[in-house]
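Asks:
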Amino acid sequence: MVQTDTRQPLAPILHTKVPKAWATVSVVNKKEEEKGVFSTSALRFLKRADVVRLNSHVMSNSSMHCLVKQSLVGYVLPPILIVELLLGLPGSMVALWIFCCRQQGWRSNTVYLMNLVLADILLLVGLPFRIDNLMRGEKWVFGDAMCRINLFMLAVNRSASIAFMTIVAMDRYFKVVRPHHRVNRLSPQQAGIISGVTWAVVVSLRLPLLANRLLNTHGNASLCRSFSSYNNPPPGIKLHYVVFMVEFFLPFLLLVFCSIRIICILRQRQMDKEQKVKRAIRVVLLIVAIFTVCFLPGIVTGLTALSIQKYRPHDCDSYSIATELFSMSIGFTYLNSALDPIIYCFSSSMFRNTLKTSFNQLGLGHLQLSRRGSMTSDG
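Heads up, the sequence shown is in the numbering used here, so the first residue is 1210 and it goes up one at a time.
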């Protein structure tokens, strides 16, 4: 006689009312719980609401892939982020003050740089929450809503920084290589419209981070990560991954193209020895260098983690190492905000001269900034 298996998947009996207390759930076999299958004898002790809650708990855990805490990140990353906050926030606030209060006249290039400043400031505003989370050992205490908002702001302003760095480089490219192109005659108002459209596109592509739960429980810790270990990511998270990759490779190719074209064209014209032209080349190469240092580590580690998850799904050790390295690459992302003031100085002679004048008026001594503007600065 064949013995009938009385174990049942939990989901089909969600509407079965069972009268005992939650405390007696300990009779559930641990292996059955891990599989999401429970015996009838165990289920009869559960109240209906608790069955629903237990099902949700099991499904949540089973939908995650190799979910582990990242101990090394908690030791290494906080000091780095604190230094970047102390360097980046004052530098960005000074730049904002110069653009808003000291700048005499606006041009298209100035508008783009102003938006880059705003992206940096908004990125740094959410940094204290990340530092607190890491110093607590990845115990996010601010709730699911703040987790979504924090990761949303990180993603939006990372994307905005990439976008406006690319726009600044493209603006420089047209002024050097195509000096008579109509793009070089854009008014500040038109540049403002371009900036507004850029922000709208960036925000709309990152909205899925607000719509999906990103706070996951692991032991006694609440993990708030945008790169969550889903076995089967929902569509919004898949879109987030795609945007994360495309927003690096497309601008990177554009930046490399602009750099090569500027150098080649200027050498053909035998202008590469002139000081103004040298400055124009330096600006684009500087943007490429900062872009690569700040954003390439995240792409490499992120792609590595996704590849391990897809092709070696049972190799949790390698996956955990890759995701931990990815989390540490956030330090390079925030470094961008500390380095961007260098771009402001190299890209705008008006910014350099205003900064020098302001420092001298504040009695901070003679700031040695070049008075020589580049042929492409500020239009």
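No residue lacks a Cβ here, since even glycine has one placed at the ideal position from N, Cα and C.
Run through DSSP, which three-state label would Leu1395 get?
Replies: In the sequence shown, residue 1395 corresponds to position 186, counting from 1. Leu1395 sits in coil when the DSSP states are folded into three classes, being neither helix nor strand.
Asks: Who are the near neighbours of Gln1570 in its chain, counting only those whose CB is closer than 7 angstroms to its CB and skipping five residues on each side?
Replies: Counting from 1 along the sequence shown, the entry for residue 1570 is found at position 361. Excluding sequence neighbours, Gln1570 sits near nothing in its chain.
Asks: Leaving out the 5 sequence neighbours to the left and right, which residues in its chain are closer than 7 angstroms to Ile1496 when beta-carbon positions are compared?
Replies: Residue numbering aside, residue 1496 sits at position 287 when the sequence shown is read from its first letter. The residues are Met1374, Val1377, Ala1378, Leu1464, Ile1552.
Asks: Excluding sequence positions up to five away, which residues of its chain have a Cβ less than 6 angstroms from the Cβ of Ser1235?
Replies: Sequence index remark: in the sequence shown, residue 1235 carries index 26 (1-based). A caution first: Ser1235 carries a pLDDT of 40, below 50, which makes its placement in the model too unreliable to give a value.
Asks: Assuming Asn1173 contacts Ile1446 (C-beta within less than 8 angstroms), just tell me the rounded distance between them.
Replies: For residue 1173 there is no data in the structure shown, the boundaries of the chain being 1210 and 1588.
Asks: Where does Val1227 fall in DSSP's three states?
Replies: Walking along the sequence shown from the start, residue 1227 turns up at place 18. Summary for Val1227: the model assigns pLDDT 37, below 50, so the residue's position carries little reliability; its value from the coordinates is reported in the next sentence. Three-state DSSP puts Val1227 in coil, outside helix and strand.
Asks: Excluding the five sequence neighbours on either side, which residues of its own chain have a C-beta within less than 8 angstroms of the C-beta of Arg1387, listed in chain order?
Replies: One-based indexing of the sequence shown puts residue 1387 at position 178. Excluding residues within five positions, the ones whose Cβ falls inside 8 angstroms are Asn1393.
Asks: Mind reading off the beta-carbon distance from Thr1542 to Phe1500? Whole number of angstroms is fine, and I expect it under 8 angstroms.
Replies: For the purposes of this step, residue 1542 is taken as the residue at position 333 of the sequence shown. For the purposes of this step, residue 1500 is taken as the residue at position 291 of the sequence shown. So it is not a contact: roughly 11 angstroms between Cβ atoms.
Asks: Any idea if Asn1441 is buried or exposed, counting beta-carbon neighbours within 10 angstroms, 16 or more meaning buried?
Replies: By 1-based counting over the sequence shown, the position of residue 1441 is 232. Counting Cβ neighbours within 10 Å, Asn1441 comes out exposed, since fewer than 16 surround it.
Asks: Assuming contact is defined by CB atoms lying nearer than 8 angstroms, are Ile1330 and Leu1305 in contact in what I supplied?
Replies: As a working mapping, residue 1330 is identified with position 121 in the sequence shown. As a working mapping, residue 1305 is identified with position 96 in the sequence shown. Yes, they are a contact pair.
Asks: Check whether the Cβ atoms of Tyr1528 and Cys1275 lie closer than 8 angstroms to each other.
Replies: Locating residue 1528 in the sequence shown gives position 319, counting from the first residue. Locating residue 1275 in the sequence shown gives position 66, counting from the first residue. It is a contact, given that the beta carbons lie within the stated cut-off.
Asks: Taking Arg1415 and Val1451 to be in contact with their CB atoms under 8 angstroms, please state how far apart those CB atoms are, rounded to whole angstroms.
Replies: What you label residue 1415 is simply residue 206 of the sequence shown in a count that begins at 1. What you label residue 1451 is simply residue 242 of the sequence shown in a count that begins at 1. No, Arg1415 and Val1451 are not in contact; Cβ-Cβ is about 12 angstroms, not under 8 angstroms.
Asks: Leaving aside the five residues before and after Leu1494 along the sequence, list all residues of the same chain whose C-beta is less than 8 angstroms from its C-beta, in chain order.
Replies: As a working mapping, residue 1494 is identified with position 285 in the sequence shown. Ser1468, listed in sequence order.
Asks: Touching or not, the segment 1328-1344 and the segment 1281-1288, by the rule of three or more beta carbon pairs under 8 angstroms?
Replies: yes
Asks: Short check: CB of Ser1556 to CB of Gly1507, under 8 angstroms?
Replies: Against the sequence shown, residue 1556 aligns to sequence position 347. Against the sequence shown, residue 1507 aligns to sequence position 298. Going by C-beta atoms, Ser1556 is not nearer than 8 angstroms to Gly1507.
Asks: When the Cα atoms are used, what is the spatial distance from Leu1343 to Thr1407?
Replies: Here residue 1343 refers to the residue found at position 134 when the sequence shown is read from its first residue. Here residue 1407 refers to the residue found at position 198 when the sequence shown is read from its first residue. When rounded, the distance between both Cα atoms is 32 angstroms.
Asks: Sort out for me which residues DSSP pairs Cys1433 with in a bridge.
Replies: Along the sequence shown, one-based indexing puts residue 1433 at 224. Cys1433 pairs with Leu1424.
Asks: For the alpha helix (DSSP H) that contains Pro1444, what are its first and last residues?
Replies: Residue numbering aside, residue 1444 sits at position 235 when the sequence shown is read from its first letter. Run containing Pro1444: 1444-1477, per the alpha helix (DSSP H) assignment.
Asks: Is Ala1489 helix, strand or coil when you go by DSSP?
Replies: Numbered from 1 along the sequence shown, position 280 holds the residue referred to as residue 1489. Three-state DSSP puts Ala1489 in a helix.
Asks: Of all the options Glu1347, Asn1318, Leu1333, which has the alpha carbon lying nearest to the alpha carbon of Leu1296?
Replies: Within the sequence shown, residue 1296 is the residue found at index 87, counting from 1. Ranking the options by Cα distance to Leu1296, first place goes to Leu1333.
Asks: With DSSP collapsed to three states, give me the class of Asp1549.
Replies: In the sequence shown, counting from the first residue as 1, residue 1549 sits at position 340. For Asp1549, the secondary structure class from DSSP, reduced to helix, strand or coil, is helix.
Asks: Mind checking which residues open and close the alpha helix (DSSP H) that includes Lys1384?
Replies: Position 175 of the sequence shown, counted from the start, is the residue given in the question as residue 1384. Taken as a continuous stretch (DSSP letters only), the alpha helix (DSSP H) holding Lys1384 covers 1352-1386.
Asks: Apply the 10 Å Cβ neighbour rule to Tyr1321 and answer buried if 16 or more other Cβ atoms are within range, or exposed otherwise.
Replies: Translated into the one-based positions of the sequence shown, residue 1321 becomes position 112. The residue is buried, with at least 16 neighbouring Cβ atoms inside 10 Å.
Asks: By a C-beta neighbour count over all protein chains shown, 10 Å radius and 16 as the cutoff for buried, is Ala1489 buried or exposed?
Replies: Here the question's residue 1489 lines up with position 280 in the sequence shown. By the 10 Å Cβ count, Ala1489 comes out buried.
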